[in-house]
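Visitor: Have a look at the structure that comes next, please.
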Ligand code: NAP
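Residue numbers (our numbering): 101 to 705.
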């Protein structure tokens with residue numbers, strides 16, 4: 101593309117070429133298959149290290165609703181069902197306490213990346229204000245418990261237990277649910293809220309189980325070994341050499357704490373993250389006191405509009421997530437005719453280049469060793485990978501006890517009994533911490549860890565394996581009555597994940613309220629309506645703007661590790677964006693006729 105670049109302090113063509121070269125370096129034939137599943141000989145990496153629940157007698161119960169997953173999704177669903185008036189609601193959760201992602205991710209430094217005033221749900225309803233702009237994990241976990249207590253979901257929760265399979269029994273119109281603790285549960289409704297990122301994965305290299313030191317995944321932190329807790333203070337690492345593998349959003353939060361505690365830290369990097377400033381601060385009480393009712397929903401919507409590319413004049417959150425759009429607005433406002441006359445997609449790309457130049461300059465300003473600084477610079481568009489925000493991460497590389505092992509996009513080669521091999525060199529360590537992320541893009545039932553058998557005895561995966569995923573609005577599937585899924589596939593995707601959970605839980609609540617008001621016993625979408633929705637999903641992806649998060653990006657879980665999907669993108673989210681999706685869902689449920697679903701009442705056969 102030839103363009104007038106006189107007003108820019110970078111060369112767009114050069115950056116495009118560099119981004120492409122970095123991407124190509126990382127592309128792998130095996131895509132998602134490169135990772136090891138945490139099962140079988142690696143199952144120990146998934147063991148709950150925080151709460152060891154004792155054996156108990158199996159349950160044999162019949163209830164109104166079973167909610168699978170005790171994170172924010174499950175709690176918001178439970179809250180909606182309570183509002184509808186269902187009394188016997190049980191949450192089932194594999195962790196030893198409620199909390200979902202905030203239970204598992206109690207690693208040192210865990211903190212929300214999205215402003216807590218919009219990330220932590222139900223703040224106004226529960227009369228709570230977070231203590232900081234970006235709350236830390238213990239405070240978020242406390243809020244989870246607060247929601248559970250408020251909606252009376254805590255005492256009845258079935259903890260340390262996983263659903264193994266469930267069968268729809270059409271004769272009694274109930275789900276028969278089995279668990280890892282031999283429970284037999286009959287439930288009228290089942291809501292699946294397992295969360296998108298909860299199954300840890302490991303780099304697909306040899307030798308992981310041959311390592312003779314201590315090793316664990318960040319979502320199962322071994323505090324017995326490291327000392328300290330979620331806010332840091334790893335006081336048992338003073339004579340320990342540690343390897344951290346992975347520099348995604350988790351690695352970035354963990355590394356400063358390990359750097360502080362360890363005798364020596366080796367960070368193994370495949371792709372650098374973009375690190376913008378954090379700028380955390382205690383909550384301004386005067387500001388909090390000035391808020392008017394409805395402020396949280398308004399703030400959530402304002403943030404989502406901006407990160408969805410809607411150019412608004414007011415930016416309520418005004419942080420690293422929204423400044424990219426701010427930059428685009430500046431180009432519109434202050435650019436000359438040559439600049440502002442360009443198509444929106446091009447202006448967005450230029451704003452993105454500018455933002456990433458800023459991110460790269462921040463590395464140079466912070467990291468003393470120029471070679472280390474160069475290796476820490478991300479060369480891809482912002483939002484190709486999850487952006488990170490931290491004020492101590494880059495500084496850690498100035499410490500004498502920290503070594504960055506950059507693998508030039510290739511990753512580690514193998515684990516030996518003594519350490520980690522990368523770039524042909526063995527680094528001897530006493531402890532390996534896998535900050536290697538979570539499964540995305542594997543089969544739904546493998547990630548959810550359970551099999552869901554519908555009316556015709558087929559599992560959901562078997563059904564979807566024939567022609568691809570089929571649901572109405574990502575939530576209901578023909579042949580699986582009274583089964584609600586809170587998921588982004590065929591639904592919405594939002595950077596502020598709890599927003600989509602709240603919207604989905606509310607959608608489900610409205611449907612159940614309608615059933616209760618009209619004496620309906622079951623609900624199921626028709627085949628025609630889910631076929632139409634699946635086609636709408638695929639059509640939406642065909643018209644989507646490429647680039648950010650797409651196939652031009654450096655590989656990662658945002659873009660199926662850089663591999664094009666085979667066939668139509670059935671399981672994609674609604675690519676016209678979350679705002680459009682929320683409007684579609686709202687119009688559907690508000691119309692009152694619930695088009696495309698079939699309800700049955702008790703009298704019907
Ligand atoms: P992730 O983003 O998937 O990062 C995994 C890291 O492991 C990446 O740096 C990856 O490199 C690296 N890796 C994988 N295989 C490797 C190999 N063979 N050799 C060397 N490195 C390897 O996982 P995550 O950091 O746990 O974050 C997952 C998601 O959780 C985030 O995207 C975010 O949505 C959420 N999260 C949120 C917060 C928050 O809100 N505060 C904090 C943490 C996580 P590549 O980049 O090259 O693949």
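Cβ coordinates follow ideal geometry from the N, Cα and C atoms, glycine included.
Owing to the predicted nature of the structure, the values given are computational and were not obtained by experimental measurement.
1) When every heavy atom of the ligand NAP is checked, does at least one fall within less than 7 Å of the C-beta of residue 524?
2) From residue 677 to residue 229, what distance separates their C-alpha atoms?
3) Measuring CA to CA, which of 259, 581 and 640 is closest to residue 626?
4) Under 7 Å Cβ to Cβ from residue 206, same chain only, skipping five residues before and after it: list those, please.
5) Can you grab the Cα-Cα spacing for the pair residue 292 / residue 245, in whole Å?
6) With a threshold of 7 Å (Cβ to nearest heavy atom), would residue 465 be considered close to the ligand NAP?
7) Tell me, please, whether the segment 448-455 touches the segment 328-344 by the rule of three or more beta-carbon pairs shorter than 8 Å.
8) How is residue 149 classed by DSSP in three states: helix, strand or coil?
9) Counting C-beta neighbours from all protein chains within 10 Å, is the total for residue 659 16 or more, i.e. buried, or is it exposed?
10) What's the call for residue 606, buried or exposed, on a 16-neighbour Cβ count within 10 Å?
11) Ordered along the chain, which non-local residues of its own chain (more than five positions away) have a Cβ less than 7 Å from that of residue 336?
12) Considering only C-alpha positions, which residue in the set 572, 212 and 662 is nearest to residue 688?
13) Which residues in the same chain as residue 126 place their Cβ atom closer than 6 Å to its Cβ, once the five residues preceding and following it in sequence are excluded?
14) Have a look at 590, 448, 691 and 536 and flag the residue whose alpha-carbon is nearest the alpha-carbon of residue 301.
15) Looking only at DSSP bridge pairs, what is residue 160 linked to?
16) With distances taken from CA atoms, which of 259, 141, 161 and 140 is nearest residue 152?
17) Would you check if the segment 694-702 and the segment 601-619 touch, i.e. whether three or more CB-CB distances between them fall below 8 Å?
18) I'd like the ranges of any beta strand (DSSP E) spanning at least 3 consecutive residues and lying wholly in the segment 581-637.
19) Which word fits residue 208, buried or exposed, when buried means at least 16 other C-beta atoms lie within 10 angstroms of its C-beta?
20) Which residue's Cα is closest to the Cα of residue 673: 690, 408 and 590?
21) Residues bridged to residue 277 by DSSP?
22) State the Cα-Cα distance for the pair residue 502 and residue 177, rounded to the nearest angstrom.
23) Residue 375 and residue 518: beta carbons closer than 8 Å?
24) Relative to the ligand HEM, is the shortest distance from any of its heavy atoms to the C-beta of residue 303 smaller than 7 Å?
25) I'd like to check one pair, residue 421 with residue 569: are the Cβ atoms closer than 8 Å?
26) Please go through the same chain and pick out, in chain order, the residues whose beta-carbon is closer than 6 Å to the beta-carbon of residue 179, but skip the five residues on each side of it.
27) I'd like to know whether the C-beta atoms of residue 257 and residue 198 end up nearer to each other than 8 Å.
28) Would residue 338 and residue 363 qualify as a contact pair, given that the criterion is a beta-carbon distance under 8 Å?
29) Which two residues bound the contiguous beta strand (DSSP E) that contains residue 530?
30) Does DSSP put residue 311 in a helix, in a strand, or in coil?
31) How big is the Cα-Cα spacing for residue 298 and residue 215?
32) Please determine, among 608, 445, 332 and 675, the residue with the shortest C-alpha to C-alpha distance to residue 641.
33) Determine the closest residue to residue 628 out of 530, 578, 306 and 129, with distance taken between C-alpha atoms.
34) Please classify residue 387: is it buried, with 16 or more other beta-carbons within 10 angstroms of its beta-carbon, or exposed?
35) Using DSSP with H/G/I as helix, E/B as strand and the rest coil, what is residue 522?
36) If you count every other CB in all the chains shown that lies within 10 Å of the CB of residue 587, and 16 or more means buried, which is it?
Guide: According to the data block:
1) no
2) 29 Å
3) Among 259, 581 and 640, the Cα nearest to that of residue 626 belongs to 581.
4) 150, 237, 321 and 330
5) 19 Å
6) Distances from the CB of residue 465 to the heavy atoms of the ligand NAP are all 7 Å or more.
7) Contact between the segment 448-455 and the segment 328-344 is absent, because fewer than three Cβ pairs lie under 8 Å.
8) In this structure, residue 149 counts as coil in the three-state DSSP scheme.
9) With at least 16 other beta carbons inside 10 angstroms of its own, residue 659 counts as buried.
10) buried
11) Shown here for residue 336: same chain residues with a beta carbon closer than 7 Å to its own, the five before and five after excluded, namely 325, 326 and 327 in chain order.
12) 572
13) 509, 654 and 655
14) 536
15) 284
16) 259
17) Inter-segment contact for the segment 601-619 and the segment 694-702 is present: three or more beta-carbon pairs are separated by less than 8 Å.
18) Along the length of the segment 581-637, whole beta strand (DSSP E) runs at least 3 residues long occupy 583-585 and 620-625, reported in chain order.
19) buried
20) 590
21) In the DSSP output, where bridge partners are listed per residue, residue 277 has 266 and 285.
22) Straight-line spacing of the CA atoms in residue 502 and residue 177 works out to 44 Å.
23) no
24) Among the ligands present in this structure, namely the ligand NAP, the ligand HEM is not found.
25) no
26) 251
27) In this structure, residue 198 lies closer than 8 Å to residue 257 by Cβ.
28) yes
29) Unbroken run through residue 530: none, as it is neither H nor E.
30) Residue 311 falls in the coil class under three-state DSSP.
31) 22 Å
32) Here the closest residue by C-alpha is 675.
33) 578
34) exposed
35) Three-state DSSP puts residue 522 in a strand.
36) buried
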